[in-house]
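Structure, as structure tokens:
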């Protein structure tokens, strides 16, 4: 079986060599692997690193870039039966990452899968708490909801050809596609053993923009979701207190307290700004998508 690994890049030279090394270490003798890199204007040697590792390079202009469009372009260039998506700043944690990620698709249990994400010693403390929330230690094969994350995921190419990614969204193209394919009877699966280190290196404004654009996209996926200013205050304070509790247990509070406050503020301020529409949302759905635990 041919697996096409599609990597979106923009100035990923710092982590890309480790990603290619991690791909090369995979223990999957019955899988043939090709790599397609979709680059949106790197100037730091990213494309040279990709070429040196025999990747096929597809370019997309910054003016034309959306997350869905760049993935669709990579998928069009791919020849595999299964399409694997991994961010250029993610690194496989082990040698069985690829086999574990595609196993539910090969076995006919699921059409769209995603794997665990973890931080490392340089990751922001609060982001690691989010990783624990959304990417737990136990697999769900298949799962009941349509959450999926393209930083570390795989889909049957036949399903992508039928549904494709929404190219107009400002983010969350993975969840939108997951929702659509589930509505057509397909299954999604979370593979905890298919883990990657997800190494975000964002400034605080970048953190805010990330959550803002995701909240804008969420309005299309879940139009009933509304985050009020009161919700912003409540979720921000609750998440800071919960993070501080964990940091105290780990004896790291003095080291991370300012970082926690800044991260959680940018997270929920961005979410509030992006999601500030006057619609009514049930308490259950609101807490499910925004509450820190």
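Numbering (UniProt numbering), first residue to last: 1 to 293. C-beta: ideal position from N, C-alpha, C; glycine also.
**Request:** With a threshold of 16 other CB atoms inside 10 Å of the CB of residue 73, please say whether the residue is buried or exposed.
**Result:** buried
**Item:** Beta-bridge partners of residue 153, as assigned by DSSP
**Value:** 85, 114
**Item:** Nearest-angstrom Cα separation, counted from residue 200 out to residue 151
**Value:** 11 Å
**Prompt:** Are the beta-carbon atoms belonging to residue 215 and residue 275 less than 8 Å from one another?
**Reply:** yes
**Message:** Suppose only complete runs of 4+ residues qualify. What are the alpha helix (DSSP H) ranges in the UniProt domain "Glycosyltransferase 2-like" (4-127), listed by chain order?
**Reply:** 16-24, 46-52, 67-77, 97-106
**Residue closest to residue 271, alpha-carbon to alpha-carbon, out of 133, 171, 118** = 171
**Request:** Determine the burial state of residue 26: buried for a count of at least 16 other Cβ atoms within 10 Å of its Cβ, exposed for fewer.
**Result:** buried
**Request:** Can you tell me which of the three DSSP states residue 188 falls into?
**Result:** strand
**Message:** Helix, strand or coil for residue 194? Go by DSSP, reduced to three states.
**Reply:** strand
**Request:** Determine the direct distance from the alpha carbon of residue 40 to that of residue 180, and round the result to whole angstroms.
**Result:** 27 Å
**Prompt:** Can you name the residues that DSSP bridges to residue 140?
**Reply:** 190
**Request:** Look at the Cβ atom of residue 295, then the Cβ atom of residue 104, and state whether they are nearer than 8 Å.
**Result:** The shown model of the chain, from 1 to 293, leaves out residue 295, and the question about it has no answer.
**Message:** For residue 4 and residue 34, which I take to be in contact (beta-carbon distance under 8 Å), what is that distance rounded to the nearest angstrom?
**Reply:** 5 Å
**Three-state secondary structure assigned by DSSP to residue 258** = helix
**Asked** Rounded to the nearest angstrom, how far is the Cβ of residue 299 from that of residue 6, given a contact under 8 Å?
**Response** Outside the shown range of the chain, which is 1 to 293, sits residue 299, and nothing can be said about it.
**Message:** Looking only at its chain, what residues have a beta carbon closer than 6 Å to the beta carbon of residue 32, apart from the 5 residues adjacent to it on each side?
**Reply:** 2
**Request:** Could you say if the segment 216-226 and the segment 84-96 meet the contact criterion of at least three C-beta pairs nearer than 8 Å?
**Result:** no
**Prompt:** Are the beta-carbon atoms belonging to residue 231 and residue 126 less than 8 Å from one another?
**Reply:** no
**Limits of the unbroken alpha helix (DSSP H) element including residue 212** = 204-221
**Prompt:** Measuring from the CB of residue 269, is there a heavy atom of the ligand MG at a distance below 7 Å?
**Reply:** Absent from the structure shown: the ligand MG. Ligands present: none.
**Message:** Taking only three categories from DSSP, how would you classify residue 2?
**Reply:** strand
**Request:** Indicate the three-state DSSP secondary structure (helix, strand or coil) for residue 171 in the structure shown.
**Result:** coil
**Asked** Considering only C-alpha positions, which residue in the set 210, 13, 117, 157 is nearest to residue 42?
**Response** 13
**Asked** Can you tell which of 237, 60, 178 has its C-alpha closest to the C-alpha of residue 260?
**Response** 237
**Request:** Tell me whether residue 275 sits in a helix, a strand or coil according to DSSP, three-state version.
**Result:** helix
**Item:** Distance between beta carbons of residue 204 and residue 262, contact taken as under 8 Å
**Value:** 6 Å
**Message:** Taking the beta carbon of residue 70 as the centre, do at least 16 other beta carbons fall within 10 Å, making it buried, or is it exposed?
**Reply:** buried
**Asked** Between which two residues does the alpha helix (DSSP H) harbouring residue 234 extend?
**Response** 229-249
**Message:** Does residue 201 come out as helix, strand or coil in the three-state DSSP assignment?
**Reply:** coil
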